[in-house]
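**Q**
Protein chains: 2
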Amino acid sequence: MSSIPISFSQRARHSVEAPISYLMEQGISNPDIISLAAGLVDQESLPREEIAEAISHLWKDPRRAKDALQYGTTPGHHALRGKIADRLRDMDRHALKGTMNADDRHPATAGRIVLGTGSQQLLYILAEVLLDPGDIVLGSAPGYFVYMGALASFGARIIPIDTDAGGMNLDHLESTLVDLERSNLLARVKFIYDVTYFNNPTGLSLAADRRRPLVELAERWSKTHRLLVLEDAAYRELRYHGNDEPSLLAYDPEGERVIYAGTFSKPLAPGIRTGYIIAPDDLLEQVIRQKGHHDFGSASLNQQLVLEMLESGAYDRHLATLRKVYSAKLAGMLDQLDQELGNERDRVRWTMPEGGLYVWMELPTSLSTTMDSSFFQHALSSGVLYVPGNFCYPDTDAGAPRHCLRLSFGHQSIDRCREGVTRLAGVIRQHLPSS
Amino acid sequence: MSSIPISFSQRARHSVEAPISYLMEQGISNPDIISLAAGLVDQESLPREEIAEAISHLWKDPRRAKDALQYGTTPGHHALRGKIADRLRDMDRHALKGTMNADDRHPATAGRIVLGTGSQQLLYILAEVLLDPGDIVLGSAPGYFVYMGALASFGARIIPIDTDAGGMNLDHLESTLVDLERSNLLARVKFIYDVTYFNNPTGLSLAADRRRPLVELAERWSKTHRLLVLEDAAYRELRYHGNDEPSLLAYDPEGERVIYAGTFSKPLAPGIRTGYIIAPDDLLEQVIRQKGHHDFGSASLNQQLVLEMLESGAYDRHLATLRKVYSAKLAGMLDQLDQELGNERDRVRWTMPEGGLYVWMELPTSLSTTMDSSFFQHALSSGVLYVPGNFCYPDTDAGAPRHCLRLSFGHQSIDRCREGVTRLAGVIRQHLPSS
């Protein structure tokens, strides 16, 4: 190799290897290890036949087939964007049991939507058009570590906002903003980020009675500039119990401050990598311009496939199947946790999500679950892998809890989920201080 | 709309609407206009049946079907990366009529390849990991305007390098580097960019006897840091006459300084949006890390489809068809140009490409073809659209020629290509000074 080094950009020089990469490699390279860490989706229920049918139907119309193989536009296929807007308005109307607000207004329209390579690409571009180094994002903590890594790569500071059983704690959010204003840092606060349905990693949702207040809080704190709220709704349709809640969009009828990110990766198939955001017009214009530089449009084929499956009803039928599959896996994991650790409930706690793909566990604070802990090594040698909870807090958060774990029931079969929990419980019992 | 503005990043605040957007809209919204501007590919030959067959075959293997629908890895499907590497080595060996070099070494391996959403996404990420504001890229001029726009969005300075019938002029390249060294700017020169086969917009390739010297020049000028060469080979396989030339990779056996970008958008189908780069190991590591933030991997489905078509031979069969289609269109366009303007050859010149999708025209220097020219308006009212040549030079190049045009024969039928040329020739004749 040449001894003369490449001169990288500041951006690249500050980038660090995501520690999660190691976890993923371990999970893939050793089949004896049960990875409750991987964010992959259920393998068995992937919609193989449904996709074949969708292509077959699509291909009967030569015009649509050719469109699927030609370049599209940067914001993406117009009919799919319209279909997504209709669907969102319907979901919100239904969640609100009828009328949205006095005028039945809702900001979702085809023109306010852009399609991307998963919602991740659009989350990235949002960061790109909003964040300079030193800018601030207020994020629920624990939170989605992949996006925290992307935000950090822009030199942004993520300030963690406490969460409880009802999701983001709005009192803590407000007091954080008060502190930032006192420190003259309000101008650096660009947006609030929350996974509002079945948060990754806790599985818990933003409570119904915090939704309108969150949007109103953002409006109230739009002092020097507009404070935006980025609602990541990746898991919204993966609900196994209870009723859907209205999105934050429903409380932003003019489309001024809420950005809603959705994806077909979780509820349909990750291999299709199609997601979307709905955003205020002036923001969307910048996102589209930036996406023009990235790829001038995601794959047409994938967009046509999703549209076809939405139109034919195959998407909804698949979703119904998927809900049953995941519901059973979640029940299996919770049941096994109860069997194994039910008598340790005063020392070991876990969430009871109504949807999503994750369960969040808290051990006694004296017990570290970090990657360099003896607990982690013991779990690995016992053949089970989890995401250490500290990954779900900003790197800069020195006080972040180090005694938590994220468990995913997405990828493994019910039996493997149960076996994984059993292995993990064995490790936990060994590490718990004798009572 | 809220009166309180969004606080965008520096990046977004400096971004400008690409003027080409207007052209594209005109071409799409008015079917009476023959757009010789659009970069779309031939509609009739899109491989509808071949894709249906590929899916059908792929779907027979449940394992591969599931892989196509699941998340993949950030660098992309390993078998496809291996297939691409094999193919490139074979192409270069064939172009060199046997042995590559003393040791028959070639840098293309699966491990040095990353797949992306088109090659554009990877060109973007390369800029992201290499360029800080004020950094310099040396690019053949005229050159690919979409990438020049992306580079400019990073605040990079693109210094145009003259081209002639043999592509990039290496003497001008060298003298530019001498000047930059004298100005103490050598440390800012990150890479040389060239579309080495059938350049967009000229249709001309880098001459065989400039290929090794270009790589050697980059090595010689790697003084404070490694000077990289980005070889954009998007059109390589769209050759209609003559023999393939070895890539620059063939002259960089250790994989130290050449980045090779390829795509399946042009030779297969843009709707699949799958491209790749081969890059030095230390650079690729940064690209993959950055792509992890963007999307942690492009769509698996599309990668499996391309792999299947490479393995079955469908890709090569389609390419043979496509070469015939485009060869006829190119011949039609050149013939019509000759019929219409053959007797103006001393004042109106155009290139005679052996491949690609574009013909480049030069009018007398007194004649402006820019979007605000009377010539452009006259062409529009005559129902023909072209890309004004000035778009193919960096914005900052005040001395850029304003009397050229790019004509694409990619999207229109032969008859429409001919009719478009006839309309354009009418406008040209009216604007030529009377002789």
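Protein sequence lines, in the order shown, are assigned to chains V and W.
Reading the first sequence from the start, the letters are residues 1441 to 1875 in the working numbering.
Reading the second sequence from the start, the letters are residues 1441 to 1875 in the working numbering.
Yeah, the Cβ is synthetic: ideal placement off N, Cα and C, and Gly gets one too.
(1) Which partner residues of V/Cys1844 appear in the DSSP bridge assignment?
(2) At which residues does the beta strand (DSSP E) containing W/Tyr1430 begin and terminate?
(3) Near W/Ala1719, which residues of its chain fall below 6 Å by C-beta distance, leaving aside the five closest residues on each side in sequence?
(4) Which residues, taken in chain order from the region 1545-1562 of chain V, show a beta carbon closer than 7 Å to some beta carbon of chain W?
(5) Could you tell me which of V/Leu1480, V/Tyr1462, V/Gln1510 sits nearest to W/Gly1711, measuring between CA atoms?
(6) Could you run through the region 1563-1582 of chain W and flag, in chain order, every residue whose CB is less than 9 Å away from some CB of chain V?
(7) On the premise that V/Val1765 lies in contact with V/Ala1477, defined as a C-beta separation below 8 Å, what is that separation, rounded to the nearest angstrom?
(8) Taking 8 Å as the threshold (beta carbon to beta carbon), is V/Ile1599 in contact with chain W?
(9) Assign W/Arg1451 to buried or exposed, taking buried as 16 or more other Cβ atoms, counted over all protein chains shown, within 10 Å of its Cβ.
(10) By how many angstroms is the C-alpha of V/Ser1874 removed from the C-alpha of V/Leu1625?
(11) Answer yes or no: does any C-beta atom of chain W fall closer than 8 Å to that of V/Gln1450?
(12) Applying a beta-carbon distance threshold of less than 7 Å, which residues of chain W neighbour V/Ala1590?
(13) Within the continuous beta strand (DSSP E) that includes W/Tyr1700, where are the two ends?
(14) Beta strand (DSSP E) containing V/Lys1706: first to last residue?
(15) Between which two residues does the alpha helix (DSSP H) carrying W/Ile1599 extend?
(16) Cβ closer than 7 Å: which chain V residues qualify as neighbours of W/Ala1709?
(17) Against W/Gln1483, what residues of chain V qualify as contacts under a CB-to-CB distance less than 7 Å, listed in chain order?
(18) Quick check: what's the CA-CA separation for V/Cys1832 versus W/Val1746?
(19) Name the residue from W/Ile1444, W/His1454, W/Asp1472 whose alpha carbon lies nearest to the alpha carbon of W/Leu1820.
(20) Which residue comes first and which comes last in the alpha helix (DSSP H) that contains W/Phe1585?
(21) By alpha-carbon positions, which one of W/Leu1807, W/Val1629, W/Ala1519 ends up nearest to W/Gln1870?
(22) Can you confirm whether W/Asp1672, when its beta carbon is compared against all beta carbons of chain V, has any partner nearer than 8 Å?
(23) 8 Å is my cut-off, CB to CB: does V/Phe1704 come that close to chain W?
(24) Ignore the nearest five residues each way along the sequence and tell me which others in W/Glu1859's own chain have a CB closer than 8 Å to its CB.
(25) So, does the region 1480-1498 of chain W touch the region 1602-1613 of chain V, judging by three or more C-beta pairs under 8 Å?
(26) Indicate the three-state DSSP secondary structure (helix, strand or coil) for V/Phe1638 in the structure shown.
(27) Mind reading off the beta-carbon distance from V/Ile1565 to V/His1734? Whole number of angstroms is fine, and I expect it under 8 Å.
(28) Work out the CA separation of W/Ala1492 and V/Leu1668 for me, nearest whole Å.
(29) Using the Cα positions of W/Pro1834 and W/Asn1640, report the straight-line distance between them to the nearest angstrom.
(30) Have a look at W/Val1629 and V/Ser1443 and give me their C-alpha separation to the nearest angstrom.
(31) Which of the residues in the region 1611-1640 of chain V, read from start to end, lie with their CB under 8 Å from any CB of chain W?
(32) So does W/Gln1726 have its beta carbon nearer than 7 Å to some heavy atom of the ligand HEM?
(33) Assign W/Lys1706 to buried or exposed, taking buried as 16 or more other Cβ atoms, counted over all protein chains shown, within 10 Å of its Cβ.
(34) Unbroken alpha helix (DSSP H) runs of length 4 or more, entirely within the region 1648-1707 of chain V: which are they?
(35) If you follow the beta strand (DSSP E) that W/Ala1581 is part of, which residue opens it and which one closes it?
(36) Could you list which residues in chain W have their beta carbon closer than 8 Å to that of V/Leu1781, in chain order?
**A** From the atom records:
(1) V/Glu1802
(2) The structure shown does not extend to residue 1430 of chain W, since chain W is modelled only from 1441 through 1875, so no value can be given for it.
(3) Ile1699
(4) Thr1557, Gly1558, Gln1560, Gln1561
(5) V/Gln1510
(6) Tyr1564, Ile1565, Ala1567, Glu1568, Val1569, Leu1570, Leu1571, Asp1572, Asp1575
(7) That belief does not hold up - the Cβ atoms of V/Ala1477 and V/Val1765 are roughly 20 Å apart, past 8 Å.
(8) no
(9) buried
(10) 47 Å
(11) yes
(12) His1733
(13) 1698-1703
(14) Element bounds for V/Lys1706: n/a, residue is neither H nor E.
(15) No alpha helix (DSSP H) holds W/Ile1599; the beta strand (DSSP E) holding it covers 1597-1604.
(16) Leu1509
(17) Lys1506, Gln1510
(18) 36 Å
(19) W/Asp1472
(20) 1585-1593
(21) W/Leu1807
(22) no
(23) no
(24) Ile1474
(25) no
(26) coil
(27) 7 Å
(28) 44 Å
(29) 14 Å
(30) 18 Å
(31) Ala1627, Lys1630
(32) Of the ligands one can find in the structure shown there are none, so the ligand HEM has no counterpart to examine.
(33) buried
(34) 1651-1660
(35) 1576-1581
(36) Simply none; closest approach about 30 Å.
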